Amino acid sequence: MTIEQLKKIKEKNHDVVTVRRLIAEEGAKLSENTDYRKQVLVCGGTGCTSSSSMLVIEALEKELKEKGLDDILVIKTGCFGLCALGPIMIVYPEGSFYSQVTAAEVPEIVAGHLVPGGEPVKKYLYSETVHEDGSTIPLSETAFYKKQMRITLRNCGVIDPENIEEAIASDAYFALAKVLTTMTPQDVIDELLAAGLRGRGGAGFPTGRKWAFAMAQENDTKYVCCNADEGDPGAFMDRSVLEGDPHSVIEAMAIAGYTIGSSQGYVYVRAEYPIAVERLNIAIEQAREYGLLGKNILGTDFSFDIDIRLGAGAFVCGEETALMTSIEGHRGEPRPRPPFPAIKGLFGKPTILNNVETYANINPIILKGSEWYSSIGTDGSKGTKVFALGGKINNVGLVEVPMGTTIREIVEEIGGGIPNGKKFKAAQTGGPSGGCISAEYLDVPIDYDNLIQIGSMMGSGGMIILDEDTCMVDISKFYLEFTVDESCGKCTPCRIGTKKLLDYLTKITEGKGEIEDLDKIQELANHMKCSSLCALGQTAANPILSTMNAFGDEYLSHIKDKKCPAGVCKALLSFTIEPDKCRGCTLCARNCPVNAISGKVKEPHVIDPDKCIKCGLCVSNCHFNAIVKK
474 MTIEQLKKIK EKNHDVVTVR RLIAEEGAKL SENTDYRKQV LVCGGTGCTS SSSMLVIEAL
534 EKELKEKGLD DILVIKTGCF GLCALGPIMI VYPEGSFYSQ VTAAEVPEIV AGHLVPGGEP
594 VKKYLYSETV HEDGSTIPLS ETAFYKKQMR ITLRNCGVID PENIEEAIAS DAYFALAKVL
654 TTMTPQDVID ELLAAGLRGR GGAGFPTGRK WAFAMAQEND TKYVCCNADE GDPGAFMDRS
714 VLEGDPHSVI EAMAIAGYTI GSSQGYVYVR AEYPIAVERL NIAIEQAREY GLLGKNILGT
774 DFSFDIDIRL GAGAFVCGEE TALMTSIEGH RGEPRPRPPF PAIKGLFGKP TILNNVETYA
834 NINPIILKGS EWYSSIGTDG SKGTKVFALG GKINNVGLVE VPMGTTIREI VEEIGGGIPN
894 GKKFKAAQTG GPSGGCISAE YLDVPIDYDN LIQIGSMMGS GGMIILDEDT CMVDISKFYL
954 EFTVDESCGK CTPCRIGTKK LLDYLTKITE GKGEIEDLDK IQELANHMKC SSLCALGQTA
1014 ANPILSTMNA FGDEYLSHIK DKKCPAGVCK ALLSFTIEPD KCRGCTLCAR NCPVNAISGK
1074 VKEPHVIDPD KCIKCGLCVS NCHFNAIVKK
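Numbering (this note's numbering), first residue to last: 474 to 1103.
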């Protein structure tokens, strides 16, 4: 593969890919040179696949074949972002956005829309993409996409991730070509430093500095690693990039290899991501076939290859030294630092490790320049950040916004607000290492430094929205349970400290807590932060400390009043039937699994508190709102 051949592939595929761009202007048309009258893109990411999008594709291909419509291209893409609406199907050139499509609806869509002269079937379209007159509103103008800026996700939902030529048509490997032919390793470092790119995997360490440390080491063998383990509950950013645009990671790792003087890379990805693993394998094989991995890449003397290593789902293996230990074939446990991996990492050699999202930013920085990239974001946090938006939010999905966007904008505008008219209570960011951000900070611009100042952290980018029905003590307990399970047990502060913290929280949620427990939690958290071997133990108490700070009244209510204000903690709940509202319909008694409710027909019933297991079935079955949960 030469650079000229790379350019010819882009030219050949450019028109058919360009029309799919989510940012395309209304009325974009396919080039006369294309062989296709329409293109139908169906999401093949994990979210939509779990909602049977593969059945939609099968039905679509079958229907098109039966009707002889061979001028329509069907593409299985990565994630579009709006996971709550899956399966998603978009028809170009119109840009018609069909949501929650089923295989049973496909024949009607084909007969009504995809035949020559057809029109979009309005009843199946996402309402926010259609004007009253039936004309299409571009996705870029809808509430979900309007404030987004897709750099990391630029090709997700746009290209076929299993077709390298479509990736090349979207500028894949042109940054590598530029680096190999016009830039020195120091030039690459300087560009990344000027861009201000910080690692998107957690602490936000400057990427250029990390690469510079490894480049400066004198060693014949160096390694480039990608962390695609992504173990935070509710996080699926890296998975979605690998599923939708794997070549962005492969290219960036090759650029990193050229920069630091490495010929071998490893992608560490959890085995629970089968679609991501499959597409990454396909992409690596295609890159080798096209001469973009392997020996003498693009006709230069640079050689670089990548292998995949599967993780078994251990959260601690997201920590860089534990990840490298796992790649080496040992039990995934962290190692003391220093020495840092850039000096002594994988197999004892200089190594750089970045996560998927960090690598996905490299191509745009090299091609568009550091000045362009550094113009986005805040003074200390440049570029964009991808968030996996979940929890109590209408538009569950994947969003990418410029650094400096506020939580309010993400929740109320992009996320579409809280379901069922409930009030926003908190946003949990940073996973088990992060914290809960209360409504007081809704208008704080999101960046690395601001999140730390308000008691949380960026982490890899999970953002779980909590509403007024959430118990903040219980949510802290949830994260502690996760951390206890995932601690590798190597160091005493984490092994014993996390369990002790969980014991305190369990005691509080059971109504047995004492005021002194809060001081003990604070003291233990400080010890763990200073003495744990890795970030898992050092940050394990963050969810508790942030909720104690912002929602201290809930802790006091659990301890002093023996009540859970949100009505979540079972040990502190009681269920009673109000006699004046009870009609004696017996529905509650008939559905009680432990026969805790008694009473005669058409007479008020009563609940035996000694038998009641507080499952709540009686409340959900009562049509008269006669049962009160306190």
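Ideal Cβ positions, reconstructed from N, Cα and C, are used throughout, including at glycine. What you are looking at is a predicted structure, and each value in this text was computed from that prediction instead of being measured.
Query                                                                                                                                                                                               : Result
Per DSSP, what kind of secondary structure is Tyr571 in: helix, strand or coil?                                                                                                                     : strand
Go ahead and pull the three-state DSSP assignment for Arg743.                                                                                                                                       : strand
Looking at C-alpha atoms only, which residue of Gly520, Ile988, Leu1046, Asn1015 is the closest neighbour of Asn999?                                                                                : Asn1015
Would you kindly report the start and end of the unbroken beta strand (DSSP E) that includes Cys521?                                                                                                : No beta strand (DSSP E) holds Cys521; the alpha helix (DSSP H) holding it covers 519 to 523.
Let me know the secondary structure DSSP gives Ser735 once reduced to three states.                                                                                                                 : coil
Return the chain-ordered list of same chain residues with a C-beta closer than 6 angstroms to the C-beta of Asp940, the five sequence neighbours on each side being excluded.                       : Lys865, Ile891, Lys895, Lys898
Determine whether the beta carbon atoms of Val1067 and Ile1086 lie at a separation below 7 angstroms.                                                                                               : yes
With C-beta atoms as the reference, is Val490 less than 7 angstroms away from Ser613?                                                                                                               : no
Taking Glu581 as the reference, give the member of Thr1059, Trp684, Val529, Gly681 with the closest Cα.                                                                                             : Val529
Mind reading off the beta-carbon distance from Cys961 to Val789? Whole number of angstroms is fine, and I expect it under 8 angstroms.                                                              : 5 angstroms
DSSP on Tyr565, reduced to helix/strand/coil?                                                                                                                                                       : strand
Would Asn486 and Glu638 qualify as a contact pair, given that the criterion is a beta-carbon distance under 7 angstroms?                                                                            : yes
Starting from Ala701, follow its DSSP beta bridges and name the residues at the other end.                                                                                                          : Val742
Fully enclosed by the region 854 to 900, which alpha helix (DSSP H) runs are 4 residues long or longer?                                                                                             : none
Given Gly802, which residues of its chain have a CB within under 8 angstroms of its CB, disregarding the five upstream and five downstream residues?                                                : none
Identify, in the order they occur along the chain, each residue of the same chain with its Cβ nearer than 6 angstroms to the Cβ of Pro593, setting aside the five sequence neighbours on each side. : Ser569, His586
Using C-beta distances below 6 angstroms, list every residue in its chain close to Asp990, excluding the 5 sequence neighbours before and after it, in chain order.                                 : Tyr977
Kindly give me the distance between the Cβ atoms of Pro679 and Arg671, rounded to whole angstroms, as I take these residues to be in contact under 8 angstroms.                                     : 6 angstroms
Per DSSP, what kind of secondary structure is Ser848 in: helix, strand or coil?                                                                                                                     : coil
Smallest Cα separation from Lys651: which of Ala727, Thr602, Glu792?                                                                                                                                : Ala727
Could you tell me how far apart the beta carbons of Ile825 and Lys683 are, in whole angstroms, since I believe they sit closer than 8 angstroms?                                                    : 6 angstroms
Please confirm whether Glu1104 and Asn628 have their CB atoms less than 7 angstroms apart.                                                                                                          : The structure shown does not extend to residue 1104, since the chain is modelled only from 474 through 1103, so no value can be given for it.
Our contact map puts Thr654 next to Ile925 with C-beta atoms below 8 angstroms; I'd like the distance itself, whole angstroms only.                                                                 : Incorrect: roughly 41 angstroms between the Cβ atoms, too far for contact.
Between which two residues does the alpha helix (DSSP H) holding Ser713 run?                                                                                                                        : 710 to 717
Using a Cβ-based criterion (distance less than 6 angstroms to any ligand heavy atom), does Gly1057 qualify as near the ligand ZN?                                                                   : In the structure shown, the ligand ZN is absent, as is every other ligand, since no ligand is present at all.
Mapping the DSSP letters down to three states, classify Ala1099 as helix, strand or coil.                                                                                                           : coil
What does Gly935 pair with, by DSSP beta-bridge criteria?                                                                                                                                           : Ala861
Contact check, Asp780 vs Tyr832 under 8 angstroms by CB: the rounded distance?                                                                                                                      : Not a contact, Cβ separation roughly 16 angstroms.
List the endpoints of the continuous beta strand (DSSP E) containing Thr475.                                                                                                                        : Here Thr475 belongs to no beta strand (DSSP E), and DSSP marks it neither H nor E.
Would you kindly check if the distance between the Cβ of Val1092 and the Cβ of Lys1103 is under 7 angstroms?                                                                                        : no
Does the distance from the C-beta atom of Gly856 to that of Tyr846 stay below 7 angstroms?                                                                                                          : yes
What residues match up with Asn828 in a beta bridge as DSSP calls it?                                                                                                                               : Asn700
Identify whether Val603 lies in helix, strand or coil by the three-state DSSP scheme.                                                                                                               : strand
Determine the contact status of Ser524 and Pro560, defining contact as a CB-CB distance below 7 angstroms.                                                                                          : yes
Could you tell me if Cys516 is buried or exposed, where buried requires 16 or more neighbouring beta carbons within 10 angstroms of its beta carbon?                                                : buried
When the Cα atoms are used, what is the spatial distance from Arg493 to Glu578?                                                                                                                     : 23 angstroms
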